[in-house]
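Undergrad:
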Amino acid sequence: MNYFLTGTDTGVGKTYAASLLIRAGRRAGLETVGMKPVCTGDRSDAEALYQACDGVIPLNTVNPVWYRTPAAPYTAAVVENRPVDLALIRDTFRQLRATHRSVIVEGVGGWLVPIERNYFVADLASEMGLPVVVVVRNRLGAINQTLLTVREIERHSVPFAGYILNEADPVEDVAAVTNREILTDLLGQPPLWTISQHATTLSYENH
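If you're matching positions, the sequence shown starts at 322 in my numbering and goes up one per residue.
See the structure below:
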């Protein structure tokens, strides 16, 4: 089980989904570990992945690059006058892949968040070569955001593995009630997994 997780936006539940995947992999005996190549703001995302993999790798391996500025990595790098160390990210990822058969990588923000001026999350995912899973928060606007993200993934010729539907919010409107059915129709596949409120495991969609 090796995936690169991106999201339709920031705050859609990527870290929560990644943590659940890591725990599921470890329960299955895969010794899954997580990686958050870049953190900005606090380091809570990386700490959650570190805890999910039972601390078997150092926090600085889970998250090799950290900026305290809560912004896109390119912005944070400019503000802090410290370029993103892509070589460190690449070396860390190569070491994880060489020593662990199951790695879950969580991107930062959405698919086109800039890491450098001309280098985006999409480019990092392309380099890593892992199948991409899109985390979708079930709310108004999810259909448009999901289709745009999937279209961009396909344009980058990166394997699209599917999507996780995060239903962590109470279902309160027509969009939230119908998004699953409409996305299944438009994408030709149901969600790989569903996250329900207060979930501690992922619900698998049998297709």
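Even for Gly, the Cβ is constructed at its ideal location relative to N, Cα and C.
Could you spell out the range, first to last residue, of the alpha helix (DSSP H) harbouring M449?
TA: The residue given as residue 449 occupies position 128 in the sequence shown. V442 to M449 is the span of the alpha helix (DSSP H), which, as asked, contains M449.
Undergrad: Distance, Cα to Cα, V434 vs F441?
TA: Taking the sequence shown and counting its residues from 1, one reaches residue 434 at position 113. Taking the sequence shown and counting its residues from 1, one reaches residue 441 at position 120. Going by the C-alpha atoms only, they are around 6 angstroms apart.
Undergrad: Would you tell me roughly how many angstroms separate the C-alpha atoms of E475 and A443, rounded to the nearest one?
TA: The residue given as residue 475 occupies position 154 in the sequence shown. The residue given as residue 443 occupies position 122 in the sequence shown. Between the alpha carbons of E475 and A443 lies a gap of roughly 11 angstroms.
Undergrad: Leaving out the 5 sequence neighbours to the left and right, which residues in its chain are closer than 8 angstroms to E352 when beta-carbon positions are compared?
TA: Sequence index remark: in the sequence shown, residue 352 carries index 31 (1-based). Cβ neighbours of E352 beyond the five flanking positions: G346, V377, H421, R422 and S423.
Undergrad: At 4 residues or longer, what runs of the alpha helix (DSSP H) sit wholly inside the region 376-449?
TA: Fully enclosed alpha helix (DSSP H) runs of 4 or longer: 380-383, 394-401, 407-420 and 442-449.
Undergrad: Per DSSP, what kind of secondary structure is G346 in: helix, strand or coil?
TA: In the sequence shown, the residue the question calls residue 346 occupies position 25. G346: helix per DSSP, three-state reduction.
Undergrad: DSSP three-state call for E352: helix, strand or coil?
TA: Here residue 352 corresponds to residue number 31 of the sequence shown, with the count starting at 1. In this structure, E352 counts as coil in the three-state DSSP scheme.
Undergrad: Is the beta carbon of V400 less than 7 angstroms from the beta carbon of T413?
TA: Here residue 400 is taken as the residue at index 79 of the sequence shown, counted from 1. Here residue 413 is taken as the residue at index 92 of the sequence shown, counted from 1. No. Outside cutoff.
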